[in-house]
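Undergrad: Note that my numbering numbers the sequence shown so that position 216 is 248, with each residue one more than the last. The structure is given below, and queries will be raised subsequently.
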Amino acid sequence: MHPLRAVILDLDDTLFDDTACTHAGLAALAAEHGVQHWTSERLFARHAEHIRAIDPLLFRGEVDAHGARLLRMTRLLTDLGVPNPDGEAATRTYRTAYRAAWTLLDGAVDLLSGLRSRGLRTAVLTNYVREVQQEKLIHFGLDKLIDVTLCIEDMPAPKPDIRAYHAACTALGVVPAEAVMIGDSWENDVEGARRAGLRAVWVNRHNRPAPGPAVPQVRHLNAAGALIV
């Protein structure tokens, strides 16, 4: 086995608690409009459906990040039965609460600092736009602990396409066998990485059964460092 030289990490729900922040933003939106007939889980799921539908427009450059939010909020309010939905106002409400709830997952800074102290190269590989993701990294000072950040604009194709992981390895100056991918998505951060020739560590915060062959897994980032050998 090749010696490990680099660690590639997902961002949302791996280092940054995007799920909690999204719930906070949606709760603020629901409260503002007096929405009581949808559970928070249903609201979260419908919001995620709109993200999946709108993201291709964003990635093709047909809308920018703000335009994608406007469209998402307008569609969501329509689903909720809000008459004459004001996407701009809804975006402000959602975004204010979302940002106020920004937090890293426990162990994120310690993990990155520990990897750096071991002389390992680090990268963030994320299937979202740089305008949004870089803001998070800078806000928490993670940009100073990461050697390379690859967002959707920097990849020939998004995860789980093997070219995404190979692009990260090239940027880090390593071959795939010298790198490990850490992330919460089985498809994007485990299966895709392994197909590309990398090792993988699954961040399984909710202790879900593995959908495929076993890989090292952690519920908390504090335990990840010990698995990276």
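Note that the Cβ used here is the ideal one computed from N, Cα and C, for glycine as well. Since the model is a prediction, treat every value here as computed from it, not as a measurement.
#1: Out of Phe76, Ile214 and Leu177, point me to the one whose CA is closest to Ser149's CA.
#2: Going by other Cβ atoms of all chains shown within 10 Å of its Cβ, with 16 needed for buried, is Arg251 buried or exposed?
#3: How would you label Thr158, buried or exposed, when you count the other beta carbons within 10 angstroms and need 16 or more for buried?
#4: Curious, which full-length beta strand (DSSP E) runs of at least 3 residues does the segment 170-224 contain?
#5: With distances taken from CA atoms, which of Leu89, Ile86, Ala60 and Asn239 is nearest Leu75?
#6: How is Ala121 classed by DSSP in three states: helix, strand or coil?
#7: Among the residues of its own chain, which have a CB less than 7 angstroms from the CB of Thr110, if the five just before and after it don't count?
#8: Where do the ends of the beta strand (DSSP E) carrying Ala232 lie?
#9: Contact between the segment 195-209 and the segment 242-256: three or more CB pairs below 8 angstroms?
#10: Determine whether the beta carbon atoms of Ile194 and Arg237 lie at a separation below 7 angstroms.
#11: Leu137 and Leu230 - do their beta-carbons sit closer together than 7 angstroms?
#12: Taking the straight line between their C-alpha atoms, what separation do you get for Tyr130 and Leu47?
#13: Roughly how many angstroms separate the alpha carbons of Ala80 and Asp179, rounded to a whole number?
#14: Check this for me: beta carbons of Thr135 and Leu102, under 7 angstroms apart or not?
#15: What is the DSSP secondary structure of Gln68, reduced to helix, strand or coil?
#16: Output the boundary residues of the alpha helix (DSSP H) element that contains Thr110.
#17: Go ahead and label Met187 buried or exposed: buried means 16 or more other beta carbons lie within 10 angstroms of its beta carbon, across all protein chains shown.
#18: Drop a sphere of 10 angstroms on the beta-carbon of Thr181, count the other beta-carbons inside from all chains shown, and report buried for 16 or more, exposed for fewer.
#19: Whose C-alpha, out of Trp70, His34, Cys53 and Pro88, is nearest the C-alpha of Ile184?
#20: For a test of the three-state rule: what should DSSP assign to Arg84, helix, strand or coil?
#21: Out of Val67, Trp218, Ala225 and Glu219, which one is the CA nearest neighbour of Ala211?
#22: Whose C-beta lies closer than 7 angstroms to the C-beta of Leu143 among residues of the same chain, with five residues either side of it excluded?
#23: Starting from Ala140, trace the alpha helix (DSSP H) both ways and give me its first and last residue.
TA: Here's the rundown:
#1: Here the question's residue 149 lines up with position 117 in the sequence shown. Comparing Cα-Cα distances from Ser149 to each of Phe76, Ile214 and Leu177, the minimum goes to Leu177.
#2: Sequence index remark: in the sequence shown, residue 251 carries index 219 (1-based). Arg251 is exposed by the Cβ-count criterion.
#3: Position 126 of the sequence shown holds residue 158. Looking at its Cβ environment, which holds 16 or more other Cβ atoms inside 10 Å, Thr158 is buried.
#4: 180-182 and 211-215
#5: The sequence position of residue 75 within the sequence shown is 43, counting from 1. Comparing Cα-Cα distances from Leu75 to each of Leu89, Ile86, Ala60 and Asn239, the minimum goes to Ala60.
#6: Here the question's residue 121 lines up with position 89 in the sequence shown. Of the three classes helix, strand and coil, the one that applies to Ala121 here is helix, per DSSP.
#7: Your numbering for residue 110 matches position 78 in the sequence shown. Once the five neighbours on either side are set aside, the close Cβ partners of Thr110 are Pro117.
#8: As a working mapping, residue 232 is identified with position 200 in the sequence shown. Counting along the chain, the beta strand (DSSP E) containing Ala232 begins and ends at Arg231 to Val235.
#9: no
#10: The residue you call residue 194 lines up with position 162 of the sequence shown. The residue you call residue 237 lines up with position 205 of the sequence shown. No, these two residues do not count as a Cβ contact at 7 angstroms.
#11: Taking the sequence shown and counting its residues from 1, the one referred to as residue 230 is at position 198. Taking the sequence shown and counting its residues from 1, the one referred to as residue 137 is at position 105. Their beta carbons are not under 7 angstroms apart, which means Leu230 does not touch Leu137 by this criterion.
#12: Mapped onto the sequence shown, residue 130 falls at position 98. Mapped onto the sequence shown, residue 47 falls at position 15. The alpha-carbon atoms of Tyr130 and Leu47 are separated by roughly 16 angstroms.
#13: Here residue 80 refers to the residue found at position 48 of the sequence shown. Here residue 179 refers to the residue found at position 147 of the sequence shown. Looking at the two C-alpha atoms, the distance is approximately 30 angstroms.
#14: The count along the sequence shown starts at 1 and reaches residue 135 at position 103. The count along the sequence shown starts at 1 and reaches residue 102 at position 70. No, the Cβ-Cβ distance between Thr135 and Leu102 is not below 7 angstroms.
#15: For this step, residue 68 is matched to residue 36 along the sequence shown. In the structure shown, Gln68 sits in coil (DSSP, three-state: anything other than H, G, I, E or B).
#16: In the sequence shown, counting from the first residue as 1, residue 110 sits at position 78. Counting along the chain, the alpha helix (DSSP H) containing Thr110 begins and ends at Ala97 to Asp111.
#17: Working through the sequence shown from its first residue, we reach residue 187 at position 155. Buried, since its Cβ has 16 or more Cβ neighbours within 10 Å.
#18: Position 149 of the sequence shown, counting from 1, holds the residue named residue 181. That one is buried.
#19: Your numbering for residue 184 matches position 152 in the sequence shown. Nearest C-alpha to Ile184: Pro88.
#20: Within the sequence shown, numbered from 1, the residue matching residue 84 stands at position 52. Three-state DSSP puts Arg84 in a helix.
#21: Here residue 211 refers to the residue found at position 179 of the sequence shown. Nearest C-alpha to Ala211: Ala225.
#22: Counted from its first residue, the sequence shown places residue 143 at position 111. Cβ neighbours of Leu143 beyond the five flanking positions: Leu253, Ala256 and Gly257.
#23: Along the sequence shown, read from residue 1 onward, the residue named residue 140 stands at position 108. First-last of the alpha helix (DSSP H) with Ala140: Ala140 to Ser149.
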